[in-house]
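In the working numbering, the protein residues as written are 26 to 305.
Below, the structure is given as structure tokens:
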């Protein structure tokens with residue numbers, strides 16, 4: 026089972042039943058997960074964290090047919106989260122979550138998987154060309170050329186920059202090695218004919234690790250809405266593309282069991298509402 030879900034933080038927070046949904050969601054988190062989301066200063070980040078903890082639980086229930094409150098999530102030495110499973114568990118449940126801009130996204134499968142989402146932000150002080158220059162140690166010459174080359178608008182250059190960034194982050198998250206492996210070691214050969222814009226999708230990008238081709242990986246690239254670029258890395262040569270489905274926090278917890286019955290939902294809601302909104 027391959028799931029691709031996306032939830033809007035803004036739409037969640039402005040929904041008419043948000044406070045009741047939040048109260049129930051609090052009870053569906055483990056104590057550790059609840060404490061973690063409380064650390065965030067801004068409402069948007071705390072809510073994105075909460076959503077990002079609940080999405081894998083819902084997906085795992087569908088994938089494994091286990092009960093919500095029987096699921097245990099752990100992290101490896103690099104901090105990558107996973108569902109605790111027996112070595113013989115079939116099918117395997119692998120997942121990854123990303124949140125940036127207005128979206129929290131989840132991708133699942135039965136092999137190693139990573140996902141990264143970025144909102145196309147043209148309001149930055151620097152241009153896309155200046156941005157890629159400051160990050161050039163992380164990019165190959167061809168990747169830099171895909172951003173800076175040609176006669177195109179700064180929006181097109183930002184789209185190219187965020188596309189490459191999402192690809193690199195998705196493979197780092199899939200392998201679980203993180204930044205110590207170095208973004209410069211992960212190089213992508215892009216299809217020169219394909220134009221990565223809202224409404225488009227592709228699995229054509231080729232991946233090289235330290236200049237060695239890695240054909241066992243597939244990269245699903247697309248947009249969610251008009252301004253969120255997303256990439257999914259999965260350890261499968263199938264080149265299958267699975268589109269993202271917009272869903273809601275309410276749907277995530279519709280049939281959920283309570284995990285942390287000692288939590289005080291009203292107290293947690295009050296603490297959340299006292300947090301400031303992001304100033305940007």
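Ideal placement from N, C-alpha and C gives every residue a C-beta, glycine not left out.
Using only the alpha-carbon positions, how far apart do residue i and residue j sit?
{"i": "residue 225", "j": "residue 248", "result": "7 Å"}
{"i": "residue 24", "j": "residue 107", "result": "Outside the modelled stretch of the chain, which goes from 26 to 305, sits residue 24, for which no answer is possible."}
{"i": "residue 216", "j": "residue 129", "result": "28 Å"}
{"i": "residue 214", "j": "residue 255", "result": "17 Å"}
{"i": "residue 76", "j": "residue 264", "result": "29 Å"}
{"i": "residue 184", "j": "residue 286", "result": "45 Å"}
{"i": "residue 196", "j": "residue 140", "result": "8 Å"}
{"i": "residue 292", "j": "residue 279", "result": "22 Å"}
{"i": "residue 36", "j": "residue 223", "result": "20 Å"}
{"i": "residue 244", "j": "residue 269", "result": "14 Å"}
{"i": "residue 74", "j": "residue 68", "result": "10 Å"}
{"i": "residue 160", "j": "residue 54", "result": "38 Å"}
{"i": "residue 132", "j": "residue 240", "result": "20 Å"}
{"i": "residue 192", "j": "residue 59", "result": "30 Å"}
{"i": "residue 152", "j": "residue 173", "result": "10 Å"}
{"i": "residue 119", "j": "residue 259", "result": "10 Å"}
{"i": "residue 143", "j": "residue 157", "result": "15 Å"}
Taking its Cβ as the centre, do 16 or more other Cβ atoms sit within 10 Å of residue i, making it buried, or is it exposed?
{"i": "residue 232", "result": "buried"}
{"i": "residue 305", "result": "exposed"}
{"i": "residue 127", "result": "buried"}
{"i": "residue 122", "result": "buried"}
{"i": "residue 62", "result": "buried"}
{"i": "residue 81", "result": "buried"}
Pick helix, strand or coil for residue i, following the three-state DSSP scheme.
{"i": "residue 29", "result": "strand"}
{"i": "residue 44", "result": "helix"}
{"i": "residue 195", "result": "helix"}
{"i": "residue 267", "result": "coil"}
{"i": "residue 96", "result": "coil"}
{"i": "residue 253", "result": "strand"}
{"i": "residue 297", "result": "helix"}
{"i": "residue 209", "result": "helix"}
{"i": "residue 246", "result": "strand"}
Would you please state the rounded distance, in angstroms, between the beta carbons of residue i and residue j? I believe it to be under 8 Å.
{"i": "residue 103", "j": "residue 257", "result": "Wrong, their Cβ atoms sit about 19 Å apart, outside the cutoff."}
{"i": "residue 228", "j": "residue 219", "result": "Actually they do not touch by this definition, with Cβ atoms about 10 Å apart."}
{"i": "residue 72", "j": "residue 99", "result": "The pair is not a contact, with the Cβ atoms about 24 Å apart (cut-off 8 Å)."}
Go through the segment 116–192 residue by residue and report every complete run of the alpha helix (DSSP H) that reaches 4 residues or more, in order.
Counting whole runs of 4 or more residues, the segment 116–192 contains the alpha helix (DSSP H) stretches 153–159, 166–173.
Going along the chain, which unbroken runs of the beta strand (DSSP E) with 3 or more residues stay wholly within the segment 63–88?
With a minimum length of 3 residues, no continuous beta strand (DSSP E) run stays inside the segment 63–88.
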